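Below is one structure, written out as structure tokens, with a few remarks after it.
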Amino acid sequence: GLLDVGAADMSVTRLMRILRLARAVRVVRVLRFCKDLRVMTGGIMSSMPSLLWASLLLMVVIFMYGVLALQMVGDELTQIMQQGGNMEASFVQDMQEYYGGIFITLYTLFGSISGGVSWHDVAKPLMR
375 GLLDVGAADM SVTRLMRILR LARAVRVVRV LRFCKDLRVM TGGIMSSMPS
425 LLWASLLLMV VIFMYGVLAL QMVGDELTQI MQQGGNMEAS FVQDMQEYYG
475 GIFITLYTLF GSISGGVSWH DVAKPLMR
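Going by the numbering used here, 490 is the number at position 116 of the sequence shown; the sequence numbering is gapless.
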């Protein structure tokens, strides 16, 4: 009885030690691959300042073209209204949808650049 329980505990303890050893060997094998992961992570982290500057430059360019497009659309609509021109409701709706304000214009330009909006659909109201 009592000796059998002690022997069973001893074999369970040996089994646990063997499993810990196997886990340690596995961790050592994985650490070999972690060096490559550390190198890649370090490369990504070191490129972050350049990525942020490039993103800022892209935002500035989008803003400049957004202001330019909004100014041109506003001037064109003002000129049409002063000449007493008749504008179709769909034309006004398209202009409001894509160029209704600075944030809408910036969103339209960003969508055109990133593939969220077809440039053909965005440019169609400007071609009328």
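The beta carbon of each residue, even a glycine, is placed where N, CA and C say it ideally should be. Given the structure is predicted, the values throughout are model-derived calculations rather than measurements.
> Where does Leu395 land, buried or exposed, given buried means 16+ other C-beta within 10 angstroms?
Replying inline: exposed
> For the putative contact between Leu483 and Tyr439, defined by C-beta atoms under 8 Å, what is the C-beta separation to the nearest angstrom?
Replying inline: 6 Å
> In the structure shown, what three-state DSSP assignment does Ser492 receive?
Replying inline: coil
> Met419 by DSSP, collapsed to three states: which one?
Replying inline: helix
>> Using 9 Å as the threshold, is the C-beta distance between Leu442 and Met469 below it?
In response: no
> Would you say Thr479 and Val447 are within 9 Å of each other, going by their C-beta atoms?
Replying inline: yes
>> Rounded to the nearest angstrom, what separates Gln342 and Asp495 at their Cα positions?
In response: Nothing about residue 342 can be read from this structure; the chain reaches only from 375 to 502.
>> Does any residue of chain D have a CB that is nearer than 9 Å to the CB of Ile418?
In response: The chain labelled as chain D is not found in the depicted structure, where only one protein chain is given.
> Can you tell me where the alpha helix (DSSP H) with Gln467 in it begins and where it stops?
Replying inline: Ala463 to Tyr473
> Does the beta-carbon of Arg403 have 16 or more other beta-carbons within 10 angstroms, so that it is buried, or is it exposed?
Replying inline: exposed
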